[in-house]
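Our numbering puts the sequence shown at residues -6 to 384.
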Amino acid sequence: MLKIGLIGKPNAGKSTLFSAITSIDVEIANYPFTTIKPNVGISFIKDKCPENEINEKCHPREGKCINGIRYIPVEIIDVPGLIEGASEGKGMGNEFLDNIRDADIIINLFDASGLTDKEGNVSENRYNPVEDLTFVNKEILKWMYSKIAKDWIKFARKEDNSSERMELKILKKAATFGLNEKDVFLIMSREKFPDKLINWSDNDINNFCSYIIKYIKPVFNVGNKSDLINAGDRNDIENIIGKTHFISAEYELLIEKAYKNGYITADTMDFEYMEKSGSEQRKILNEIKSKFADGEIVRFYDTLTDIIRGLGYIVIYPVLDEGKWTDKNGNILPDAFLLKEGDTALDLAYKIHTDIGENFIRAVNGRTRRVIGKDYKLLNNDVIKIISNSR
Ligand SMILES: Nc1nc2c(ncn2[C@@H]2O[C@H](COP(=O)(O)OP(=O)(O)OP(=O)(O)O)[C@@H](O)[C@H]2O)c(=O)[nH]1
Ligand SMILES: [Mg+2]
């Protein structure tokens, strides 16, 4: 399952967002270091389900499908707040970042309102939110460096004496961040490093870490508390850091709760009011609705979808019956897997099971009914049957 880590300075609204998107109640409060232990939960990314094409209802094994929109589960991890100097033990330190070691995507949630200072304390003076981005990114890098550089000389001496491929040697260090051989190969082929590990300087190790972020594990800055700012504030931020997603965890939570309690018909912006909702509630929700309609604030689900699309993730539906799009028990489109653009039918086979990958014979495209080979490049929303020799 795709893993998404929520990081940021204390009081930025990480736990509020976590609660809104996972429906898990966690501690939320207007002071720093409310969260002291990471929270882990499941949320979803949404995509149009192929069930629409066959006029049948699908049977998701995981997640759900509502009105033809498939909800594909992703793991969300909310961690304590990060402050400058965390790598030297300040605040809650940085050990807790180990919980997002193998996250595929890191979201740096920053308080766009500027109403909390660098350490997350509510402040009278308006604070420039862009400052958070610099130190949070630095702390992430320092944390990665500390893991990779640990016992480097001992590691380098041992590995320099072996005839293994360089990628496999580096992987012994990089696997802790969830990287695989392909990932390491990508970094090593695009960037230059000394041939012998013993000759890697601190700078080389640092660069390697920054390339992990650049190529494999991107950090996305997302502005929170955008309900408290105006167009000018948004411009000021975008002038410095470029196009930004402005969200409101508070609104996300309000909408989610209104939906769960039966006040509105959907948790999307096209909701209608249910009879049970009162006039005060409708007034607040109308205001919220208009802010989203004006594009002042975006829904976090849309942000997430944008990020995932931008990274080249695609949704693939493996089936056993290429005609009916079912598994062996007749369940329609039971699974939705996230793969990456460029991944092949063989990659899908391995993702289903190593045994199926190893014994791959051919595959069939469920839409065209054509036989495809192991090198077939998967397309978003493909329905694929894999034929293998595995028992
Ligand atoms: N106005 C507004 N307030 C928000 C928003 N998101 C969170 N808050 C408030 O900000 C405060 C901090 O929220 P938390 O979710 O506890 O923040 P956190 O980042 O998890 O904080 P730590 O666990 O201390 O690192 C709470 O009072 C929230 O109600 C938002 O989008 N808008
Ligand atoms: Mg928190």
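C-beta: ideal position from N, C-alpha, C; glycine also.
query, result
"Since D102 contacts L221 with CB under 8 Å, what's their CB separation in whole angstroms?", "Note that residue 102 corresponds to Leu in the displayed sequence, not to Asp. Actually they are not in contact, since the Cβ atoms of L102 and L221 sit about 14 Å apart, beyond 8 Å."
"Going by Cα to Cα distance, which pick from I234, K210, V72, F11 is closest to E243?", "F11"
"Here's a check: name, in chain order, each residue in its chain whose Cβ is nearer than 7 Å to the Cβ of E249, leaving out the five neighbours to either side.", "A13, S16, D260"
"Enumerate, from N- to C-terminal direction, the unbroken beta strand (DSSP E) stretches of 3 or more residues contained entirely within the stretch 289 to 349.", "306 to 312, 330 to 333"
"Compute the minimum distance between the beta carbon of T28 and the heavy atoms of ligand 2, and state whether it is under 7 Å.", "yes"
"Kindly indicate the opening and closing residues of the alpha helix (DSSP H) around V72.", "Counting along the chain, V72 falls outside any alpha helix (DSSP H), and DSSP gives it neither H nor E."
"When every heavy atom of ligand 1 is checked, does at least one fall within less than 7 Å of the C-beta of I191?", "no"
"Counting C-beta neighbours from all protein chains within 10 Å, is the total for Y310 16 or more, i.e. buried, or is it exposed?", "buried"
"Go to A167, then tell me how far its alpha helix (DSSP H) extends in each direction, as first and last residue.", "159 to 167"
"Name the two residues that bound the continuous alpha helix (DSSP H) containing V123.", "123 to 142"
"Would you kindly report the start and end of the unbroken beta strand (DSSP E) that includes R150?", "Note, R150: premise wrong, no beta strand (DSSP E); alpha helix (DSSP H) at 145 to 153."
"Taking the CB atoms as reference points, tell me whether T28 and D91 lie closer together than 8 Å.", "no"
"Pick out whichever of N374, G359, N373, G350 has its Cα sitting closest to the Cα of K367.", "G350"
"Counting only the same chain and skipping the five closest in sequence on each side, list residues whose C-beta sits under 8 Å from that of R363.", "V357"
"From the DSSP secondary-structure annotation, give me the bridge partner or partners of R63.", "D40, C58"
"Where does Y19 sit, in a helix, a strand or coil, going by DSSP?", "One detail in the question is off: residue 19 reads as Val in this sequence, not Tyr. Correct three-state label for V19: coil."
"Ligand 1 and E243: does the residue's C-beta get closer than 7 Å to at least one heavy atom of that ligand?", "yes"
"Report the rounded CA-to-CA distance for L304 versus L179, giving the unit in angstroms.", "15 Å"
"I need the DSSP call for G225, collapsed to helix, strand or coil.", "helix"
"Compute the Euclidean distance between the alpha carbons of R393 and G171, then round it to the nearest angstrom.", "Residue 393 lies beyond the stretch modelled for the chain, which goes from -6 to 384, so this question has no answer here."
"With DSSP collapsed to three states, give me the class of T9.", "helix"
"So what's L386 in DSSP terms, helix, strand or just coil?", "As shown, the chain starts at -6 and ends at 384. That puts residue 386 outside it, with no answer to give."
"Y294 to K111, Cα distance in whole Å?", "27 Å"
"Rounded to a whole number of angstroms, what is the C-alpha to C-alpha distance between K50 and I198?", "51 Å"
"What are the residues that DSSP puts in a beta bridge with V364?", "V357"
"Could you have a look at S203 and say whether DSSP puts it in helix, strand or coil?", "helix"
"My output table needs one value for D287: the three-state DSSP class, helix, strand or coil.", "coil"
"Check whether the Cβ of K218 sits closer than 7 Å to any heavy atom of ligand 1, and report yes or no.", "yes"
"Assess, as a yes-or-no matter, whether the stretch 71 to 86 is touched by the stretch -2 to 5 under the definition of 3 or more beta carbon pairs within less than 8 Å.", "yes"
"Report, in whole angstroms, the separation of the C-beta atoms of N87 and W136, which I expect to be a contact under 8 Å.", "5 Å"
"Would you list the residues sitting across from H238 in a DSSP beta bridge?", "V215"
"Excluding five sequence neighbours on each side, which residues of the same chain lie with their C-beta closer than 6 Å to the C-beta of Y120?", "G107, D110"
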